[in-house]
Amino acid sequence: MASLVLRDREISVAVALHGAEPVSIRDEDDHEYLWSGEDPWRRHAPVLFPVICRVPDDRVRVGDRTYPMPQHGFARDREWSVVDSGHDRASLVLVADDETREHYPYDFALAVTYVVEGRSLSVHYTVENRGDVPMPFDLGSHPAFVWPLEDDQPRSMHQVRFDEPETAPARRVVDNLLTDERFDNPAWDRVVTLNDSWFTEGAVILPEVASRGLVYSSGAGRQVRLTWTGFTGITLWSVPGARFVCIEPWRGRPAPADYVGELAGKPGVAVVAPGGREELSYAIELL
Numbered sequence: 005m006a007s008l009v010l011r012d013r014e015i016s017v018a019v020a021l022h023g024a025e026p027v028s029i030r031d032e033d034d035h036e037y038l039w040s041g042e043d044p045w046r047r048h049a050p051v052l053f054p055v056i057c058r059v060p061d062d063r064v065r066v067g068d069r070t071y072p073m074p075q076h077g078f079a080r081d082r083e084w085s086v087v088d089s090g091h092d093r094a095s096l097v098l099v100a101d102d103e104t105r106e107h108y109p110y111d112f113a114l115a116v117t118y119v120v121e122g123r124s125l126s127v128h129y130t131v132e133n134r135g136d137v138p139m140p141f142d143l144g145s146h147p148a149f150v151w152p153l154e155d156d157q158p159r160s161m162h163q164v165r166f167d168e169p170e171t172a173p174a175r176r177v178v179d180n181l182l183t184d185e186r187f188d189n190p191a192w193d194r195v196v197t198l199n200d201s202w203f204t205e206g207a208v209i210l211p212e213v214a215s216r217g218l219v220y221s222s223g224a225g226r227q228v229r230l231t232w233t234g235f236t237g238i239t240l241w242s243v244p245g246a247r248f249v250c251i252e253p254w255r256g257r258p259a260p261a262d263y264v265g266e267l268a269g270k271p272g273v274a275v276v277a278p279g280g281r282e283e284l285s286y287a288i289e290l291l
C-alpha cells in the first residue's frame with residue numbers, strides 16, 4: 005500500500021494514500037504505537053465520513069431519494085490525492101465525484117493535513133461545502149493504539165484519564181445503530197480502567213464530552229496524550245482479547261435504530277452552509 009512517511013527528530017508517521025489514514029506512529033526508539041492492522045481488525049486509524057457507524061437499512065434519505073451508504077461512509081475506502089507534502093507534513097484531499105454522488109449527493113471537499121513536530125502528530129480536517137444547498141455530515145477519526153503500550157505491561161493496568169469529569173450519559177450500539185438506552189458514564193471520576201468486559205457489547209460511546217483532552221497510559225512507562233478541537237464526543241472500542249484499543253474523536257454519532265428522517269435531521273449531525281467550511285483537529289503526543 006502506497007504511503008507517505010513524515011519525520012521529525014523524535015517521531016515518524018506513515019500515512020496511507022488509500023483512505024488517508026495513519027498506519028504507523030513510531031518514536032525515536034522505533035517503538036510502534038498504532039495497531040498493526042492484522043486480524044481481528046484490519047485497519048489502523050480510518051477516517052469516518054460522511055456518516056459514523058451505520059444508518060438504518062444502510063441508506064440515507066436526501067429530499068425524495070434514498071442513497072446506499074456503507075458503514076462509516078466511503079472516505080476510508082477511497083484513494084485520496086496528495087496536494088502538498090514535505091519531510092514533516094502532508095495534505096491530502098478527497099473531492100466529490102460521480103462515485104461519491106451515488107452515496108452522498110453533495111459537492112464536497114474533505115481535506116486532512118498531518119504535521120509531525122517533536123513527539124506530536126497533529127491532524128487537521130477541513131470539510132468544505134462546494135454546493136448550493138446545506139450539507140449534512142458526520143466526521144470521525146478511528147485511531148487504534150496498541151494495548152498494552154509495551155509487551156511487558158499488564159493490559160489490566162491501562163487507563164484512559166480524561167481532563168475533566170464526564171457526567172453526560174454513555175451510549176451503546178446494536179448492529180452499529182444507536183440504542184435508546186443511557187448508561188452511567190464510566191469516566192464520571194475522569195478515569196476509565198480498560199478491560200475486555202467493557203467491549204463485549206461493542207463500543208462505549210461518550211457523545212458529549214466536557215474534556216478537550218485525555219491520556220492513555222499503563223500507569224508506568226509510555227503514555228499517549230490526545231487533545232481535540234471541534235470534535236464533540238469520544239468513543240472507546242476494542243475486540244475482547246485483541247491487543248488494541250481505539251480512542252476515537254467524533255463529530256456526530258450513529259443513527260438511532262428507528263430513525264426514518266432525512267440525513268440532515270439525523271441527531272448529532274453537523275450541517276455546513278453553501279460555500280462554507282468546518283474545521284476540526286486533534287493531536288497525538290507521545291509522552
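The sequence shown begins at 5 in the numbering used here and counts up by one.
Yeah, the Cβ is synthetic: ideal placement off N, Cα and C, and Gly gets one too.
Since this is a predicted model, take the numbers as computed values, not measurements.
Per-residue DSSP class, three states only, for M5: coil
Minimum length 3: unbroken beta strand (DSSP E) runs contained in the region 89–134: 93–99, 112–121 and 124–133
Three-way DSSP call (helix, strand, coil) for A20 in this model: strand
M161 - DSSP class collapsed to helix/strand/coil: helix
F203 (DSSP reduced to helix, strand or coil): helix
Validate contact between the region 251–271 and the region 63–76 using beta carbons, cut 8 Å, 3 pairs: yes
Anticipated Cβ contact below 8 Å, A172 with T231, distance rounded: A172 to T231, Cβ: 19 Å. No contact.
Limits of the unbroken beta strand (DSSP E) element including F235: Unbroken run through F235: none, as it is neither H nor E.
Given D167 as reference, the closest of P271, V119 and I238 once Cα atoms are compared: I238
Stretch pair the region 191–198 + the region 277–286: three plus CB contacts closer than 8 Å: no
Closest by C-alpha distance to D12, when choosing among R216, G122 and L143: G122
Bridge-paired residues (DSSP) for V228: Y220 and L290
Contact check, R229 vs L291, beta carbons under 8 Å: yes
Presumed contact (8 Å Cβ cut-off) between V276 and V131, rounded CB distance: 6 Å
V249 and F187 closer than 8 Å at C-beta: no
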